[in-house]
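Working notes, beginning with the structure itself.
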Amino acid sequence: IAGITQAPTSQILAAGRRMTLRCTQDMRHNAMYWYRQDLGLGLRLIHYSNTAGTTGKGEVPDGYSVSRANTDDFPLTLASAVPSQTSVYFCASSPGVGPYEQYFGPGTRLTVT
Amino acid sequence: AQSVTQLDSQVPVFEEAPVELRCNYSSSVSVYLFWYVQYPNQGLQLLLKYLSGSTLVKGINGFEAEFNKSQTSFHLRKPSVHISDTAEYFCAVNAGGTSYGKLTFGQGTILTVHP
Chain L
10 IAGITQAPTS QILAAGRRMT LRCTQDMRHN AMYWYRQDLG LGLRLIHYSN TAGTTGKGEV
70 PDGYSVSRAN TDDFPLTLAS AVPSQTSVYF CASSPGVGPY EQYFGPGTRL TVT
Chain V
509 AQSVTQLDSQ VPVFEEAPVE LRCNYSSSVS VYLFWYVQYP NQGLQLLLKY LSGSTLVKGI
569 NGFEAEFNKS QTSFHLRKPS VHISDTAEYF CAVNAGGTSY GKLTFGQGTI LTVHP
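First to last, the sequence lines map onto chains L and V.
Using this note's numbering, read the first sequence as starting at 10 and increasing by one per residue.
Using this note's numbering, read the second sequence as starting at 509 and increasing by one per residue.
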């Protein structure tokens, strides 16, 4: 079944540790996105990539970095985790830049202690 | 800049009753509007979208929404809800200009359907 996979499903991480959240899509979509979901705040865009080889900053990029070496993969890295990064992280993709639906992965629940 | 406001954080309703979840947006350019649903411990799933044309949009699971440009609203409705509709619902806008292609989400509305 085509779609987006994320790993890990959940993780407990000590503050100060480095962590990479993985995201892979098999729909050959050009655009990919990372969001964090916090209660009462909805989903907020962290970083995005309009096409392989390019990335951009979203609404809340501080403390996060991304790379887009190929079409399918879009990892999100927390260089030195802090408790405020405790959240549920969703990866999404869309065919391109435009009025397209975004397709979401199942999410990664991250707790930073 | 674009923004979305969902006017109700929680909506309790009895089974088979009608429901309306309210969404207002602000944008200085033309918009594309979406409603997503999130069931517990799952990702988001598209319910419906407005891109252009008819202002009344029908989606999955019997939901519909009406785009009202003058009131900058995109309210979601269902004439008769089921227990299985219990979930969190998100309104989102994709506007033109520098934000083109990116979604801005509202804060979410938790719909709880009681038997």
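For every residue, glycine included, the Cβ atom is placed at its ideal position computed from N, Cα and C.
Just so we're clear, the structure is a prediction, and the values are computed from it rather than from any experiment.
How is residue i classed by DSSP in three states: helix, strand or coil?
i	result
ASN549 of chain V	coil
ASP82 of chain L	strand
GLN514 of chain V	strand
PRO115 of chain L	coil
GLY105 of chain L	coil
PRO70 of chain L	coil
GLY51 of chain L	strand
GLY570 of chain V	helix
PRO92 of chain L	helix
Using beta carbons (cut-off 8 Å, strictly below), is residue i in contact with chain V?
i	result
TYR98 of chain L	no
GLY62 of chain L	no
Which chain L residues sit within Cβ distance under 8 Å of residue i?
i	result
LYS610 of chain V	TYR42, LEU54, TYR57, GLY67
Mind pulling the chain V residues with CB within less than 7 Å of residue i?
i	result
VAL121 of chain L	Within 7 Å Cβ-Cβ: nothing; VAL121 of chain L doesn't reach chain V, min ~20 Å.
Using a Cβ-Cβ distance cut-off of 8 Å, determine whether residue i contacts chain L.
i	result
TYR597 of chain V	no
GLY566 of chain V	According to the sequence displayed, residue 566 of chain V carries Lys and not Gly. It does not: the Cβ of LYS566 of chain V has no partner Cβ on chain L nearer than 8 Å.
Residues of chain L with CB closer than 7 Å to the CB of residue i, please, in chain order.
i	result
GLN550 of chain V	PRO115
ASN602 of chain V	PRO108
LEU554 of chain V	GLU110
LYS557 of chain V	GLU110
List, in chain order, every chain L residue whose beta-carbon is nearer than 9 Å to that of residue i.
i	result
GLN542 of chain V	One point to set straight first is that residue 542 of chain V is Phe, not Gln, in the sequence displayed. What PHE542 of chain V touches in chain L: GLU110, GLN111.
Got a sec, what are the start and stop residues for the beta strand (DSSP E) residue i sits in?
i	result
LEU529 of chain V	527-529
ASN39 of chain L	First-last for ASN39 of chain L: undefined, no H or E at that position.
ARG77 of chain L	Here ARG77 of chain L belongs to no beta strand (DSSP E), and DSSP marks it neither H nor E.
HIS583 of chain V	581-586
LEU619 of chain V	617-622
Listing by chain order, which chain V residues have their CB less than 9 Å from the CB of residue i?
i	result
GLY49 of chain L	SER517, GLN615, GLY616
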